[in-house]
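Numbering (the numbering used here), first residue to last: 155 to 217.
Notes follow once the structure below has been shown.
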């Protein structure tokens with residue numbers, strides 16, 4: 155379920171798995187890796203929040 159049928163984009167499950175992998179890599183890596191991955195982590199968090207809100211709204215609105 156990489157593609158969500160409701161929003162037509164990447165599903166929240168795939169985004170959360172990707173975010174967890176990036177957080178693990180940033181935590182286990184050295185300072186250089188942390189500085190490189192930090193912008194990607196912030197972007198994935200924002201995208202994940204947007205997808206999660208859209209999915210919840212469409213579920214409760216019945217669309």
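Every residue gets a Cβ at the ideal spot worked out from N, C-alpha and C, and that includes glycine.
Predicted model only: the values in this text are computed from it and were never measured.
*Own chain partners of residue 192 with C-beta closer than 8 Å, once the 5 adjacent residues on each side are dropped*: 180
*residue 173 and residue 202: beta carbons closer than 9 Å?*
yes
*Where residue 212 and residue 205 are concerned, what is the direct C-alpha to C-alpha distance, given to the nearest angstrom?*
11 Å
*Separation of residue 167 from residue 216, as counted between CA atoms*: 21 Å
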